[in-house]
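Student: In the UniProt record's numbering, the protein residues as written are 1 to 321.
In this text, a Cβ means the ideal position worked out from N, Cα and C, and glycines have one as well.
Given the structure is predicted, the values throughout are model-derived calculations rather than measurements.
1. Fully enclosed by the segment 18-70, which beta strand (DSSP E) runs are 3 residues long or longer?
2. Could you check whether the segment 151-164 touches the segment 298-318, counting it as contact only if at least three pairs of C-beta atoms, one from each stretch, sit closer than 8 Å?
3. Kindly indicate the opening and closing residues of the alpha helix (DSSP H) around residue 304.
4. Are the Cβ atoms of residue 169 and residue 158 separated by less than 8 Å?
5. Pick helix, strand or coil for residue 170, following the three-state DSSP scheme.
6. So within the segment 143-197, which uninterrupted beta strand (DSSP E) runs reach at least 3 residues, ignoring any that extend past its ends?
7. Is the number of C-beta pairs between the segment 71-87 and the segment 224-241 that are closer than 8 Å three or more?
8. Can you check DSSP and say which residues form a bridge with residue 139?
9. Residues in its own chain within less than 8 Å of residue 249 by CB, not counting five upstream and five downstream?
10. Name the two residues that bound the continuous beta strand (DSSP E) containing residue 295.
11. So, under 8 Å CB-CB, residue 312 and residue 293 are touching, yes? Tell me the CB distance rounded to an integer number of Å.
12. From residue 75 to residue 122, what distance separates their C-alpha atoms?
13. For the ligand HEM, is there any heavy atom lying closer than 7 Å to the beta carbon of residue 284?
14. Could you pull the DSSP bridge partners for residue 205 from this structure?
15. Among 283, 19 and 191, which one has its Cα closest to the Cα of residue 307?
16. Could you check the C-alpha separation between residue 100 and residue 8 for me, to the nearest Å?
17. Helix, strand or coil for residue 2 per DSSP?
18. Apart from the five residues just before and just after residue 267, which ones in its own chain have a Cβ nearer than 7 Å to its Cβ?
19. Cα separation between residue 127 and residue 102?
20. How long is the line joining the alpha carbons of residue 145 and residue 253, rounded to whole angstroms?
21. Going by DSSP, what residues sit across from residue 250 in a beta bridge?
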């Protein structure tokens, strides 16, 4: 764990203990030559402690994650009583401007890490983040959102057999912790290789801000900061309503027919085999197919699209805890 008794220099800007500063993360202008300002908000305490990085918006359409980091800043949670907190609410500003997942070059930022100084636009952003910001931090919390139309239960994703992340995940207190392998060229895998523990939070769906998901992310961040001795004493730390469920395996239930779809179960619900999950109908009132659970488990993702095609993923249900 780093101690902070001297000046922190990020992207050419120096921040002394006890200082606040907004540093501009600049990679390229828009195609109109208009400059793009991507502020990094840095808050330092005079008291030494760890450095925590909060990130969101790796995918431009995942606005719920952006909202979580925004609230951390707006409420002053990012002002530590010890150590340093760095907030990057929007990493993929180019996708966020257009509300698109990818960069203008069509690349997924979360598949090009650690990036390259002379590569594609997405690769250059990844390289700058990894070489000029991440080396200064001790912990990372990265906030994501589910895909378009598919609503994720608030959950953390960590690699199995990592005792440090397991402990931090229990402190965070999300309803679910899903064991998943670090994907090649992802931000999470790159941080792992650099020895930077990263908690990846998923919740909600694209283009949508959900209060329950947002509260889960904000409260989890507060618990981790409190655990690290960084949370200001003016903030209360809530105890999770239920102990988090650690998930080893899960399975998607897919549509057997195309048609109009309506789910009849709520996210986070625990199901038994044979329980009714929803139904698929046709626009002419001739068909009504009932979707039922083929095994017991918790629902961690629900497809909220009104129209589905045969083979589409409808429900993500745990199979092994």
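Tutor: Straight from the coordinates:
1. 20-24, 39-44 and 51-56
2. yes
3. Careful: residue 304 lies outside any alpha helix (DSSP H) and carries neither H nor E.
4. yes
5. helix
6. 150-158 and 176-179
7. yes
8. 52
9. 318, 319 and 320
10. Element bounds for residue 295: n/a, residue is neither H nor E.
11. Not confirmed; about 17 Å, so no contact.
12. 31 Å
13. Summarising the ligand content, the structure contains no ligands, and the ligand HEM is consequently not present.
14. 146
15. 283
16. 34 Å
17. Unreliable positioning characterises residue 2 in this predicted model, as indicated by a pLDDT of 45, which lies under 50. The coordinate reading is nonetheless provided below. Three-state DSSP puts residue 2 in coil, outside helix and strand.
18. 151, 153, 299 and 302
19. 16 Å
20. 20 Å
21. 318
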